[in-house]
Every structure is written in C-alpha cells, then in structure tokens.
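Notes to accompany the following structure.
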Amino acid sequence: MVGSALKTPAPGSLSAKLLDAALNPTAADESTSYSFRIIAGSYERLLYGLNADDDEEKDVNAIQPVFIYPAHITAIRCLAVSNNLLATGASDEHVKVYNLHSRSEVGSLLHHSGTITSVCFYKKSWIITAAEDGMIALVRVRDWALVKELSGHRGAVTALAMHPSGKLLLSAGRDGTLKLWDLTKGSCAYSMKLPHVADKLVWHPDGNMYVVLMDRLVQVYATTGGTYGISFRQRINGIAFAPALEDGSEDRVLFAAGEDKHI
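In short: position in the sequence shown from 1, add 2, done, that's the numbering used here.
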C-alpha cells in the first residue's frame, strides 16, 4: 500500500496541548534520576507514566508518577514500547503513536475497523497491529506506510508475538487457532487448534520456544517439537521471560502473574 497510514495531530489542538502539559516534565522531574520508566494504560482511557528507582547505594526503592494523560476516548486495551516510540491501542479503533524522546504525539493509525487488541514493534523498523476486525497490519515506521495486511483468523485477533529475527510472527484468535506467519513471504506457514482461546503470546529471546497463555493454562512450545503445560487454580494475567544474566548466561525462567496475587 502506497502512502502514509498516519494521521498527525493538528498543531495547537486540544490533544496537542493536553499532551504537552502531561508529558513535558517540570525542572524537578528532569533533574531526578531513575532506573527505568513504567508505562501503563487503563480502562478509564488514561495513560500513566511512572519512574521507578531501585538504587542500592542510595537505599532508594520507590515509584514516582510522572504523567497522566487521556490518550484515547475509550478504554486502552494494549500498548508497546520500542526505544523512543510508544504505541497504544484502544476500543476507539485508533492506534496512537508517541515519541517519548521529544514528548510529542506522532499521530494515529486508523486502518482498523474494530477494537485494537494487540500491538508490537520489531526494533525501530516495524509496528504490527491487530484488532477485532480479524486483520493483522504491518506498518513501516520510516514512512508509516501500511505495507501488508494479513488475514486468516475467523473473528477477532487476540494476541501477537514477533520472533526475535523479525521473520516470523505468531498470532492467536477468538477462533481458537494459533498461526505462524512467514513475513518474508507474507503468508501463513502453520496453523493449529488450541485447547482454549489464547490471551497472550511470548517468544523466548533466543527464538527457540514460545509460550501461549490461555486463562489458567500456560503452554510452552519448543520449535523442535516439545510441549509442556502448567495449569493454575486462578486466572493468569501476564507472562514474561527473565532477562539474560549479567555474566552473559541465560536461564530459561518464566514468570507468571495471577489473579491470586502470586507470581
């Protein structure tokens, strides 16, 4: 598809003014060092920015709010961060893109006709979005061109996960299927039926295994063919692999956060 898919905010608009007030910190905010920043979206359509500091030398362990911004007109359903770019998806069918370095709104992607259900980046080059309209969209960040649309799920797409190589993409749908897409060809390479509808997909950083979260079931699949499942008593809301260790070694530790308040 030729041309940009991004709609930019008008200078001086209410959206631009609200964003400037929310994301441009005070001098005190700028002078405060922090270890990392947490960004969260809510059903109340608000986007939250939190600075987290964990400094053992200063004996500091605190989370400090930085901004609260009404990013959408409806509930925020998903978000993703890549370097200085932040993308949020909501029930208003919009994907909003922000530049965290310049603290400004880049614009909105309007190519979906349903609630945005998943969004992810591949490095600085691509943003991939999915929605209840059943479409998966590949947008090139350089010029915000909608390059490819992938369709194959019957109904809503519920989750996406990009392979570390950028050549493969996992998707899950309300139809209960898991699909592996070959992005070099723009086609579905493999499809399988899941025991339940998947809520979240995660690749291991080495790309040799992936995890499917289905309510109370966490299923681990190895690309070589092995499978291992764990059932929990309570619903699991989030999963994530532990990062590589400081010495360069890597343990395959998977974290799961449940509604029973346990990790």
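By construction, the Cβ of each residue, glycine as well, lies at the ideal position given by its N, Cα and C atoms.
Residues near residue i by beta carbon distance below 6 Å, same chain, minus five either side
| i | result |
| --- | --- |
| ARG156 | ASP177 |
| GLY91 | ARG79, CYS80, VAL97, ILE118 and VAL121 |
| SER115 | ASP135 |
Boundaries of the beta strand (DSSP E) in which residue i is found, first to last residue
| i | result |
| --- | --- |
| GLN221 | 219-224 |
| TRP146 | It is not in any beta strand (DSSP E) - TRP146 carries neither H nor E in the DSSP assignment. |
| LEU162 | 159-164 |
| THR119 | 118-124 |
| LYS263 | Run containing LYS263: none; DSSP gives neither H nor E here. |
| VAL214 | 211-216 |
| GLU89 | Residue identity check: residue 89 is Ala in the sequence provided, not Glu. 87-92 is the span of the beta strand (DSSP E), which, as asked, contains ALA89. |
| GLY43 | 38-43 |
| ALA200 | Unbroken run through ALA200: none, as it is neither H nor E. |
Exposure of residue i, with buried meaning 16 or more beta-carbon neighbours within 10 Å
| i | result |
| --- | --- |
| THR34 | With a pLDDT of only 49 at THR34, under the threshold of 50, the placement of this residue in the model should not be trusted, and no figure is reported. |
| ASN53 | buried |
| ARG144 | exposed |
| GLY209 | exposed |
| ASP31 | Low confidence applies to ASP31: its pLDDT is 47, below 50, so where it sits in the model is not reliable enough to give any reading. |
| GLY267 | Because the chain is modelled from 3 through 265, residue 267 falls outside the range shown and cannot be assessed. |
| LYS181 | buried |
| LEU16 | Only weak support exists for where LEU16 lies, its pLDDT of 47 falling under 50; the coordinates are left without a value. |
| MET194 | exposed |
| GLN221 | buried |
Close beta carbons around residue i, own chain, < 7 Å, minus the five adjacent residues each side
| i | result |
| --- | --- |
| ASN101 | ASN86, LEU87 and VAL108 |
| ALA242 | VAL204 and PHE257 |
Per DSSP, the bridge partner or partners of residue i
| i | result |
| --- | --- |
| ASP184 | LEU170 and SER189 |
| PRO11 | DSSP lists no partner for PRO11. |
| GLY230 | Residue identity check: residue 230 is Tyr in the sequence provided, not Gly. Beta-bridge pairing links TYR230 to VAL222. |
| TYR71 | LEU49 |
| GLU107 | TYR100 |
| GLY240 | ALA259 |
Own chain, CB closer than 8 Å to residue i, minus 5 neighbours either side, in chain order
| i | result |
| --- | --- |
| LYS19 | Residue placement at LYS19 is flagged as unreliable, the pLDDT there being 47, under the threshold of 50; a coordinate-derived value is accordingly withheld. |
CA nearest to the CA of residue i, picked from the options
| i | options | result |
| --- | --- | --- |
| HIS198 | GLN66, GLY175, MET137 and ALA133 | GLY175 |
| TYR223 | ARG39, ARG47, ILE130 and LEU203 | LEU203 |
| ALA161 | SER153, THR131, SER189 and GLY154 | THR131 |
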